[in-house]
Amino acid sequence: MTRPRFHLAFPVDDLSAARRFYGEFLGCREGRSSEAWIDFDFHEHQIVAHLAPEECSAASLGQVDGKQVPVRHFGLLLDWPDWEALADRLKAAGQPFVIEPYVRFAGEPGEQGTFFVRDPAGNALEFKTFRDEAQVFAR
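In this text, residue positions in the sequence shown follow this note's numbering: the first is 1189, and each later residue adds one.
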């Protein structure tokens, strides 16, 4: 499946912390930057961390599968081995999870792995994978 390219801008309260988290920790290549923002290559998608501490706040939570999911979040669909490798890397680094890696709909159409983390500014990120990418929009 060819993933679409998107552009997403989001607030952070510390550009150095964002640079460490997205650049060093998640391995996103840094693009252009200024004293007020940083572009990152987020698996071929452009994300922009804008210095806006007044806009940083924890997202409200909603109930999904008995778990408290951050309602406002963004993330990626990864291939299953890449998703597992990222989850393992985050665990080994001691990154706290909002929701630990788990598999939803095991053995059913739409079987997927998912987990949530927060960046240093509190932005929630979901990393997801599908056993069969053709099932991404299965009903």
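A virtual CB, placed ideally from N, CA and C, is assigned to each residue, including glycine.
Taking all protein chains shown into account, decide if D1307 is buried (16 or more other Cβ within 10 angstroms of its Cβ) or exposed. Counting from 1 along the sequence shown, the entry for residue 1307 is found at position 119. Its Cβ being crowded by 16 or more others within 10 Å, D1307 is buried.
In whole angstroms, give me the CA-to-CA distance for F1228 and T1317. Counting from one through the sequence shown, the residue named residue 1228 turns up at place 40. Counting from one through the sequence shown, the residue named residue 1317 turns up at place 129. Near 21 angstroms, if we compare the C-alpha coordinates of T1317 and F1228.
Environment of L1214 [buried if 16+ CB atoms lie within 10 Å]: Taking the first residue of the sequence shown as position 1, residue 1214 is located at position 26. Buried.
Cutting at 6 angstroms between CB atoms, please list the residues of its own chain near G1250, excluding the five before and the five after it. By 1-based counting over the sequence shown, the position of residue 1250 is 62. Contacts found: V1257 and V1259.
Count the other CB atoms within 10 Å of the CB of D1303; is the residue buried (16 or more) or exposed (fewer)? Along the sequence shown, read from residue 1 onward, the residue named residue 1303 stands at position 115. Per the sequence shown, residue 1303 should be read as Phe rather than Asp. The residue is buried, with at least 16 neighbouring Cβ atoms inside 10 Å.
Simplified DSSP assignment, three categories, for P1289: In the sequence shown, residue 1289 corresponds to position 101, counting from 1. The answer is strand: DSSP assigns P1289 an E or B state.
Counting C-beta neighbours from all protein chains within 10 Å, is the total for G1301 16 or more, i.e. buried, or is it exposed? The residue given as residue 1301 occupies position 113 in the sequence shown. Flag for G1301 reads buried.
What are the uninterrupted segments assigned as alpha helix (DSSP H) that are 4 or more residues long and contained completely in the stretch 1203–1235, given in chain order? 1203–1206
Is the distance from the Cβ of V1291 to the Cβ of A1237 below 7 angstroms? Indexing the sequence shown from 1 puts residue 1291 at position 103. Indexing the sequence shown from 1 puts residue 1237 at position 49. The answer is no: Cβ separation not under 7 angstroms.
Quick one: which unbroken beta strand (DSSP E) runs of 3-plus residues sit fully inside the stretch 1234–1294? Chain order, please. 1234–1239, 1249–1252, 1255–1258, 1261–1266 and 1285–1292
Within 10 Å of its beta-carbon, does A1206 have 16 or more other beta-carbons around it, so buried, or fewer, so exposed? Translated into the one-based positions of the sequence shown, residue 1206 becomes position 18. Buried.
Can you give me the Cβ contacts of R1220 inside the same chain, cut-off strictly under 6 angstroms, excluding the 5 residues immediately before and after it? Here residue 1220 corresponds to residue number 32 of the sequence shown, with the count starting at 1. Closer than 6 angstroms at the Cβ level, and outside the excluded window around R1220, lie D1227.
Taking G1263 and L1313 to be in contact with their CB atoms under 8 angstroms, please state how far apart those CB atoms are, rounded to whole angstroms. Locating residue 1263 in the sequence shown gives position 75, where the first residue counts as 1. Locating residue 1313 in the sequence shown gives position 125, where the first residue counts as 1. About 5 angstroms separates the two Cβ atoms, so the contact holds.
Selection from F1194, V1252, L1265 and D1267 that minimises the alpha carbon distance to I1235: Taking the first residue of the sequence shown as 1, we reach residue 1235 at position 47. Looking at the Cα atoms, F1194 is the closest of the given residues.
6 angstroms CB neighbourhood of A1224 in its chain, flanking five on each side removed: Stepping through the sequence shown from its first residue, residue 1224 is reached at position 36. Answer for A1224: L1239, listed in chain order.
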